[in-house]
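Colleague: Below you will find the structure I want to go over with you.
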Amino acid sequence: MQLTLGLLIPFLGTTLGSAMVFLMKKEINKKVEKVLLGFAAGIMIAASVWSLIIPSIEMAKEQNIIAWIPATVGFLLGILFLLVLDHLIPHLNMHGNNEEGIKAKLKKTTMRVFAVTLHNIPEGMAVGVAFAGALVGNSGITMEAAISLAIGIAIQNFPEGAIISMPLKSDGISKAKSFLYGVLSGVVEPIGAIITIILTQAVVPILPYLLSFAAGAMIYVVAEELIPESQTGKHSDIGTLGLAIGFIIMMILDVALG
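Heads up: the sequence shown begins at 1 in our numbering, then just goes up one per residue.
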């Protein structure tokens, strides 16, 4: 039951965030959007450190491996994985640096949908890895820590769902369809988590690498998409404050529950 709920919690966050479109009257306020982007970035940075990198190092020690090697190798592979995906699927980054420039709001929002969906894959993987580590029992990861990561990801997914569905509504798409697109962007998370758990149970020795791999993928999204988007134009300081608040909340969740 804990495992099932843990896997569904992040998806619930995306769904609730997407539902905010039904409360929306006009376009999303730019200040609100900056806060949401910064908040999501702060959550992901803290989750990468306390929920993934530190457990990776601790598990490596238990396996009598030089502690920093799995953390370093996995992290770099996670960065490179999304870097390659970003180049194989061009023009899908949230800030949309394409050759022609972004001339239509709908085009920019469509790219954001793809980008969020893309980075939800490693988020789902991160949750799956954490729960797999808890199920193994000797990974240094408790079920409470895995659930805290799932809650943190869900909190971070709330603004993500909102920054998909609300701009879609601003571009003239119906509230129902905007909500549906937001929800669909989060479906990949429980799927990715389940697949990761199945694979991880068969390859426990590389669990430290998988943990740091998920961390690297998440940090890539933060550096490449969330922070640049929150810092463009006016009100960048609001995005920075959002990041700080998100970081603190995720840190408290992980330390208190883990």
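Heads up, the beta-carbon is just placed ideally off N, CA and C, and yes, glycines get one too.
Please read these numbers as outputs of a predicted model, since none were measured by experiment.
Using a threshold of 8 Å, state whether the C-beta atoms of Gly128 and Gly161 are closer than that.
Modeller: Not in contact: Gly128 and Gly161 (Cβ atoms no closer than 8 Å).
Colleague: Is the segment 65 to 75 close to the segment 228 to 236, with three or more CB pairs under 8 Å?
Modeller: These segments do not touch.
Colleague: Cα-Cα, which of Ile198, Val187, Ile147 and Leu80 is closest to Val221?
Modeller: Ranking Ile198, Val187, Ile147 and Leu80 by Cα distance to Val221 puts Leu80 first.
Colleague: Check whether the segment 11 to 21 and the segment 194 to 210 touch, using three or more Cβ-Cβ pairs below 8 Å as the test.
Modeller: The segment 11 to 21 vs the segment 194 to 210: no contact.
Colleague: Please confirm if the segment 33 to 48 is in contact with the segment 238 to 251, defined as three or more CB-CB distances below 8 Å between the two stretches.
Modeller: With the cut-off at 8 Å, the segment 33 to 48 and the segment 238 to 251 touch.
Colleague: Should Val255 be labelled buried (16 or more other beta-carbon atoms within 10 Å of its own) or exposed?
Modeller: Exposed.
Colleague: Classify Leu92: buried if its beta carbon has 16 or more other beta carbons within 10 angstroms, exposed otherwise.
Modeller: Model confidence at Leu92 stands at a pLDDT of 46, short of 50, so the residue's coordinates are unreliable and nothing is read from them.
Colleague: Does the Cβ of Glu33 have 16 or more other Cβ atoms within 10 Å, making it buried, or fewer, making it exposed?
Modeller: With 16 or more other Cβ atoms within 10 Å, it is buried.
Colleague: Can you list, in chain order, the residues of its chain whose CB lies under 7 Å from that of Ile141, leaving out five sequence neighbours each side?
Modeller: The residues are Pro55, Ala130, Gly133 and Ala134.
Colleague: Pop quiz: Val155 and Ile238 are said to be a contact at Cβ under 8 Å. What is the actual Cβ separation, rounded to whole angstroms?
Modeller: The residue you asked about is not Val; residue 155 is Ile in the sequence shown. At roughly 18 Å, the Cβ-Cβ gap does not stay under 8 Å, so Ile155 and Ile238 are not in contact.
Colleague: Leaving out the 5 sequence neighbours to the left and right, which residues in its chain are closer than 6 Å to His235 when beta-carbon positions are compared?
Modeller: Contacts found: Lys31 and Lys34.
Colleague: Suppose the cutoff is 6 Å on Cβ atoms and the five residues either side in sequence are ignored; what does the same chain contact list for Glu99 look like?
Modeller: Because Glu99 sits at a pLDDT of 44, beneath the cut-off of 50, its placement in the model cannot be relied upon, and the point is left open.
Colleague: Between the Cα of Trp50 and those of Ala71, Pro190 and Val84, spot the shortest distance and give me the residue it belongs to.
Modeller: That would be Ala71, whose Cα lies nearest to the Cα of Trp50.
Colleague: Fully enclosed by the segment 163 to 222, which alpha helix (DSSP H) runs are 4 residues long or longer?
Modeller: With a minimum length of 4 residues, the continuous alpha helix (DSSP H) runs that stay inside the segment 163 to 222 are 175 to 202 and 207 to 221.
Colleague: Less than 8 Å between the CB atoms is what I'm expecting for Met218 and Pro159, so what's the real figure, rounded?
Modeller: Between Pro159 and Met218 the Cβ distance is about 15 Å, and since that is not below 8 Å, they are no contact.
Colleague: Would you tell me roughly how many angstroms separate the C-alpha atoms of Leu82 and Val116, rounded to the nearest one?
Modeller: Cα to Cα, the separation comes out at about 12 Å.
Colleague: Using the Cβ count rule (16 or more neighbours within 10 Å means buried), how would you classify Thr4?
Modeller: That one is exposed.
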